[in-house]
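This report concerns only the one structure given below.
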Amino acid sequence: MTALDTAAPPRVSRVPGAGFPGRYLLGKLGLFVLTLWAAVTVNFALPRLMPGTPADAAVAKLSQNGPVSPATRAAIEAQLGVPDGNLLSQYVSYLHQVLTLDFGVSYTFYPQTVSSMVSQALPYTLVLVGAVTVLAFVLGTLIGVASAWKRGTWLDALPTLSGSFLSTFPYFWTALLLLFFLGYVLHWFPTTGAYSATTTPAFGLDFLGDALAHAALPAITILLTSLGGWILGMRNAMINTLGDDYVTFAEANGLRGRTVAIRYAARNAILPNLTGFGLSLGGVVGGSVLVEQVFGYPGIGYLLFNAVIGQDYPLMQALFLMITVSVLVANFLVDVLYGLLDPRTRK
Amino acid sequence: MQVRSQADPTIGADTMLINADKGNPLFDRNFNPYLTNKRTASTWIYEPLVLVNPLDGEQIPWLAESWELPGARTIDMTIRQARWSDGEEFTADDVKFTFDLFQANPSLDTKGAWQHLDSLEVQGDHVVFHLQTDDVPALAVLGVTCIVPRHLWRDVADPSTFRNENPVGTGPFVLGNYNPQQYSMDRNEDYWQAEKIEIAHLILPGTSNQLDTVTRGYDWSYSFISDVEGTWGAASEHNKFWFPPGGIIALVPNHTVAPFDDVDVRRGMSLALDRARIAQVASEGYMQPAGQTGLMLPNQQEWLNPDIPDQGMVAQDRDGALAAFAQSGWTLQGDKLVDAGGKQLGFALTSANGYTDWTRAAQEVQRQLGEIGLDVSLQLPQPAGYQSALGNGEFEVAIGGMGGGDVFRAFNDLMSSDFVTEVGKTTQANYERFSDDAVDDLLTAFKSSTDPAAQLRAAQALQQKVYDELPVIGLYYGGLWGLYNDAKFTGWPTEADPYMAPQNYDSAPLGIFTRLRLTGKGGAA
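Chains A and B are the protein sequences, given in the same order.
Residues 9 to 355 in the numbering used here are what the first sequence spells out, letter by letter.
Residues 917 to 1441 in the numbering used here are what the second sequence spells out, letter by letter.
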């Protein structure tokens, strides 16, 4: 055992037998289940507090094209139905649906089932927002490390300034600017949809290239607006750790700069960013409503927007539940990970 | 910066790019013409018996070659010779099958055929409809029903959830390539009036935004765009538009709520308003102010009652308004209109959130009534909440749309006491809950006469009622927002030739497709 090893922070993940107390895990799990139940219940109540029935929403939509006859309304009511039974029996059948993952028939896409709509839209969002979230995190963290290490140089100033500048723009504003200039004025990228209307989705290079071109503008939007946060977060945490004694000690021992930056400073500084990453992964499913809306990207966000507009309870509930569950799961995993990485949080 | 329209060079000179169907987010392959979530083109694949022009109610023979009304309770239609796109012959049995389908599945009966129909029988190429009562306007309801093929639909297990992915119809087009973001239609070479269809293909992309509408080189679109000349119009020299009135936007006072049950209060509100200004503010000047007759002018000019002054236009007259309010005990004190107890006259004006033209109209009404001492507040629930408040009668005064091409139905939906329900129970028309025996008698007279002169008399008397009783207060016309490009196709309906409403939904496009002619110069630019 050398002096250097003791100078390094303890590798907590490898502390032998430090034991990951079952009680901690159990407590977190209990809290998770309780929160989940509360979320499911709120999810049940919220749409029912909104005024108007699904048929009202459908009629309101139709009436923008002119007066809707009573007969049309009656047929719409017959098609969509009106939520029946008292609240308790509705709640029980709702819980049953949640457990069996059967969310029934969508109102806005009648007679399609909710699950078929969701499974159509989910891949687009997962691939687009998921991949870009990972990319933004990796890129932003690396740039943050670099700019903290090269503090005071242009390598620090440029990403820090442009990052904080870009992240102050609202999401949809950036999206609209990109759409207008790169899409409509310069014609560099397609402006709407997930792939060209004349191609048929299939596995193959042609389709992949086409899909990538369509994903470009929304991806650039998400990347531009989220990169700054990762850069700044990592940079600031990194500057803190750089001032710590063990880093100074490592430097004094003559270790290479990159080794000190990555293995000593960055490894410890990344914890807060990791939390943020976990949470933003949880938010992937629901976090792209505006971007998908602007670019007509057929993902979960667009679906959610339509569900809310159409007062589509079954679809709304399924989507809200997916979003809630993914955020809760991400929270839970971050909690567990933290307990693993930092024993202090287990107290 | 001016955005110019960029035509897609791969779209041929005989192909129409039409902005008619919204996929949200993707198209659902649903061509059942009776479902709320049908693809727009399903009403061009399946045709009605009678094509009705939504502008003025004109009835054009379609799958029914002709019809007769032997009495006010019977309609006898002669069915045209035509073929389904799979080659089978279209017959009177298909017509009967379709109506039987509605009887068995009321959720498909979107036009309400069985509210009028008692029974129907097939006699050779005739279909005879027996009605429940003397009911001449039923022709318009039964006629607009889309007919589906018996030989395919009789095997459908549950027609009310049937998505009909491979439609077979009698219409001018058949489904071409289908993809969840865009589908195309090809000319039906066996169409019964194939010689009138010069469009070889239609392309319907899923659309998302108005920039897309302006820049993509559409031949036909339908949308209200702010500053239409500067956007749609400036994007191409061939881009044209026509916005005829398609309905009436009105103040709907709730007659079950005092003091709106008082005709003098309603008259006071009517006289206080400057409709030209409201129309200007609400529709950017594209729509005209509406008169107090219940008719859409000029579409329905032939029905107009000549005894009503100034075609029913009510000019702003503040003294007249104050006099009318005074009749029911509201007088001006300072700048407030108050009753004997000093309570100010006021109400909540309900409109739907997101209907921007209605909201602007509501704000203008609020301002103008405020100037003569009324205290008007705005309530803007979400559209579903608005619709529910309107149907249940849980509002004081609302903004609503009414009217339509069929004159009888417009007056019936506006004033028939058949629709009056108590507050809290949903009604589907006559939201203001107006009730008048004389009006009901006039509606019955209108409905039960086959004599055009008698119908006209009833319609004119009904206008007089609307003018005198003010069941609702007409503000301005709601527009049909037809946007078209005449580079590739000419013969579009216009103000000079209003043969069909310029809308690209429902059956109206059937009437337009048959009139469009190729210019031979491709490429809408």
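The C-beta atom is built at its ideal place from N, Cα and C for all residues, glycine as well.
The structure presented is a predicted model; accordingly, all values stated were derived computationally and were not measured.
Q. Between the segment 1136-1150 of chain B and the segment 949-969 of chain B, do three or more beta carbon pairs fall short of 8 Å?
A. The segment 1136-1150 of chain B, when compared against the segment 949-969 of chain B, does not touch it at the 8 Å Cβ threshold.
**Q.** Cutoff 8 Å; reference residue 1054 of chain B; Cβ partners in own chain excluding five residues on either side
**A.** Numbered from 1 along the second sequence, position 138 holds the residue referred to as residue 1054 of chain B. Here the set comprises 991, 1032, 1033, 1045 and 1047.
Q. Using Cβ-Cβ distances below 9 Å, what residues of the segment 47-71 of chain A are close to chain B?
A. Cβ contacts with chain B: 58, 59, 60, 61, 62, 63, 64, 65, 66, 67, 68, 69, 70 and 71.
(Q) Does residue 1132 of chain B come out as helix, strand or coil in the three-state DSSP assignment? (A) What you label residue 1132 of chain B is simply residue 216 of the second sequence in a count that begins at 1. Coil.
Q: Kindly indicate if chain B contains any beta-carbon less than 8 Å away from that of residue 271 of chain A.
A: Here the question's residue 271 of chain A lines up with position 263 in the first sequence. Cβ-Cβ to chain B under 8 Å: no for residue 271 of chain A.
Q. Which first and last residues belong to the beta strand (DSSP E) in which residue 1010 of chain B is found?
A. On the second sequence, residue 1010 of chain B is found 94 positions in, with the first residue counted as 1. First-last for residue 1010 of chain B: 1008-1020, but that is the alpha helix (DSSP H), not the beta strand (DSSP E).
Q.
If you measure between the beta carbons of residue 1412 of chain B and residue 1396 of chain B, is that distance less than 8 Å?
A. In the second sequence, the residue the question calls residue 1412 of chain B occupies position 496. In the second sequence, the residue the question calls residue 1396 of chain B occupies position 480. Between residue 1412 of chain B and residue 1396 of chain B, the C-beta spacing is not below 8 Å.
**Q.** Own chain partners of residue 85 of chain A with C-beta closer than 7 Å, once the 5 adjacent residues on each side are dropped
**A.** The sequence position of residue 85 of chain A within the first sequence is 77, counting from 1. Same-chain partners within the cutoff: 63.
Q) Considering only the beta carbon of each residue, do residue 1206 of chain B and residue 1390 of chain B sit closer than 8 Å? A) Locating residue 1206 of chain B in the second sequence gives position 290, counting from the first residue. Locating residue 1390 of chain B in the second sequence gives position 474, counting from the first residue. Note that the C-beta distance between residue 1206 of chain B and residue 1390 of chain B is below 8 Å.
Q. Which residues in chain A sit within 9 Å of residue 1356 of chain B, going by Cβ to Cβ distance?
A. For the purposes of this step, residue 1356 of chain B is taken as the residue at position 440 of the second sequence. Listed by position along chain A, the residues whose Cβ is nearer than 9 Å to that of residue 1356 of chain B form an empty set, because the closest Cβ is around 16 Å away.
(Q) Counting only Cβ pairs nearer than 8 Å, list the residues of chain B close to residue 121 of chain A. (A) One-based indexing of the first sequence puts residue 121 of chain A at position 113. Chain-order list of chain B residues neighbouring residue 121 of chain A: empty, with the shortest C-beta distance near 10 Å, by a criterion of under 8 Å.
Q: Would you list, in sequence order, the uninterrupted beta strand (DSSP E) runs of no fewer than 3 residues that lie entirely inside the segment 197-258 of chain A?
A: Entirely contained in the segment 197-258 of chain A, not one beta strand (DSSP E) run reaches 3 residues.
**Q.** Touch test, the segment 149-159 of chain A against the segment 235-243 of chain A, Cβ-Cβ under 8 Å, three pairs minimum
**A.** The segment 149-159 of chain A, when compared against the segment 235-243 of chain A, does touch it at the 8 Å Cβ threshold.
Q. Interface residues of chain A around residue 958 of chain B at Cβ under 9 Å?
A. Locating residue 958 of chain B in the second sequence gives position 42, where the first residue counts as 1. Neighbours of residue 958 of chain B on chain A: none; closest Cβ ~14 Å, over 9 Å.
**Q.** Whole-angstrom distance between residue 352 of chain A and residue 32 of chain A, CA atom to CA atom
**A.** Counting from one through the first sequence, the residue named residue 32 of chain A turns up at place 24. Counting from one through the first sequence, the residue named residue 352 of chain A turns up at place 344. When rounded, the distance between both Cα atoms is 12 Å.
Q: For residue 79 of chain A, decide whether its Cβ has a neighbour in chain E, counting only Cβ atoms nearer than 8 Å.
A: No chain E is present in this structure, whose protein chains are A and B.
Q. What's the C-alpha gap between residue 41 of chain A and residue 34 of chain A?
A. The residue given as residue 41 of chain A occupies position 33 in the first sequence. The residue given as residue 34 of chain A occupies position 26 in the first sequence. The alpha-carbon of residue 41 of chain A is positioned some 11 Å away from that of residue 34 of chain A.
Q. Over what stretch of residues does the alpha helix (DSSP H) that includes residue 325 of chain A continue unbroken?
A. Along the first sequence, one-based indexing puts residue 325 of chain A at 317. First-last of the alpha helix (DSSP H) with residue 325 of chain A: 321-349.
Q) Among all the DSSP beta bridges, which residues are the ones paired with residue 1316 of chain B? A) One-based indexing of the second sequence puts residue 1316 of chain B at position 400. As a beta-bridge residue in DSSP terms, residue 1316 of chain B pairs with B:1166.
Q) Does the distance from the CB of residue 341 of chain A to the CB of residue 286 of chain A come in under 8 Å? A) Position 333 of the first sequence, counted from the first residue, corresponds to residue 341 of chain A. Position 278 of the first sequence, counted from the first residue, corresponds to residue 286 of chain A. Cβ atoms of residue 341 of chain A and residue 286 of chain A: closer than 8 Å.
Q) Does the segment 1371-1381 of chain B touch the segment 1214-1228 of chain B, meaning 3 or more C-beta pairs lie closer than 8 Å? A) Output reads yes: the segment 1371-1381 of chain B touches the segment 1214-1228 of chain B.
Q: For residue 1337 of chain B, return the contacting residues in chain A, with the cut-off set at a CB-CB distance below 7 Å.
A: Position 421 of the second sequence, counted from the start, is the residue given in the question as residue 1337 of chain B. At a beta-carbon threshold of 7 Å, none of the residues of chain A lie near residue 1337 of chain B; the nearest stands roughly 11 Å away.
Q. Which residues of chain B have a Cβ atom closer than 7 Å to the Cβ of residue 199 of chain A, listed in chain order?
A. Position 191 of the first sequence, counted from the first residue, corresponds to residue 199 of chain A. Those are 1128, listed as they occur along chain B.
Q. Along chain B, in chain order, which residues have C-beta atoms closer than 7 Å to that of residue 319 of chain A?
A. For the purposes of this step, residue 319 of chain A is taken as residue 311 along the first sequence, with counting starting at 1. The contacting residues are 1300.
Q: For residue 1022 of chain B, return the contacting residues in chain A, with the cut-off set at a CB-CB distance below 8 Å.
A: As a first step, residue 1022 of chain B must be located in the second sequence, where it is residue number 106. Going along chain A in sequence order, the residues near residue 1022 of chain B (Cβ under 8 Å) are 82, 83 and 86.
Q | Option nearest residue 82 of chain A by Cα separation, candidates A:93, A:61 and A:100 | A | As a position in the first sequence, residue 82 of chain A is number 74, starting the count at 1. For residue 82 of chain A, the nearest C-alpha among the options comes from A:61.
(Q) Any contact between the segment 1202-1217 of chain B and the segment 1381-1389 of chain B? By contact I mean 3 or more CB pairs, one from each, below 8 Å. (A) A contact exists between the segment 1202-1217 of chain B and the segment 1381-1389 of chain B.
Q. With distances taken from CA atoms, which of B:1365, B:1410, B:1183 and B:1283 is nearest residue 1193 of chain B?
A. Here residue 1193 of chain B is taken as the residue at index 277 of the second sequence, counted from 1. A check of alpha carbon separations from residue 1193 of chain B across B:1365, B:1410, B:1183 and B:1283 identifies B:1283 as the nearest.
(Q) Is there a Cβ of chain B sitting closer than 8 Å to that of residue 280 of chain A, yes or no? (A) Locating residue 280 of chain A in the first sequence gives position 272, counting from the first residue. Output row for residue 280 of chain A: interface = no.
(Q) I'd like to know if residue 931 of chain B contacts chain A, where contact means its C-beta is closer than 8 Å to some C-beta of that chain. (A) Here residue 931 of chain B is taken as the residue at index 15 of the second sequence, counted from 1. False, the Cβ-Cβ gap to chain A never drops below 8 Å.
(Q) Can you list, in chain order, the residues of its chain with a C-beta nearer than 7 Å to that of residue 1342 of chain B? Leave out the 5 residues immediately preceding and following it. (A) As a working mapping, residue 1342 of chain B is identified with position 426 in the second sequence. Counting only Cβ-Cβ distances below 7 Å, and skipping sequence neighbours, we find 1307 and 1308.
Q. Out of curiosity, what's the CA-to-CA distance linking residue 21 of chain A and residue 346 of chain A?
A. On the first sequence, residue 21 of chain A is found 13 positions in, with the first residue counted as 1. On the first sequence, residue 346 of chain A is found 338 positions in, with the first residue counted as 1. At residue 21 of chain A the pLDDT is 46, less than 50, meaning the model places this residue with poor confidence; the figure from the coordinates comes in the next sentence. The straight-line gap separating the alpha-carbon atoms of residue 21 of chain A and residue 346 of chain A is approximately 10 Å.
Q: With 8 Å as the threshold, decide whether the Cβ of residue 953 of chain B is near any Cβ in chain A.
A: To locate residue 953 of chain B, count along the second sequence from 1; it is residue 37. Against chain A, the CB of residue 953 of chain B has a partner CB under 8 Å away; the residue lies at that interface.
Q. In terms of residue numbering, what span does the alpha helix (DSSP H) encompassing residue 1331 of chain B cover?
A. On the second sequence, position 415 is the one that residue 1331 of chain B refers to. 1323-1331 is the extent of the alpha helix (DSSP H) around residue 1331 of chain B.
Q. Relative to the C-alpha of residue 1108 of chain B, which residue among B:1099, B:1094 and B:1088 is closest?
A. If you number the second sequence from 1, residue 1108 of chain B lands on position 192. Ranking B:1099, B:1094 and B:1088 by Cα distance to residue 1108 of chain B puts B:1088 first.
Q: Could you tell me whether the segment 181-196 of chain A touches the segment 221-236 of chain A, where touching means 3 or more Cβ pairs closer than 8 Å?
A: At 8 Å Cβ cutoff, the stretches touch.
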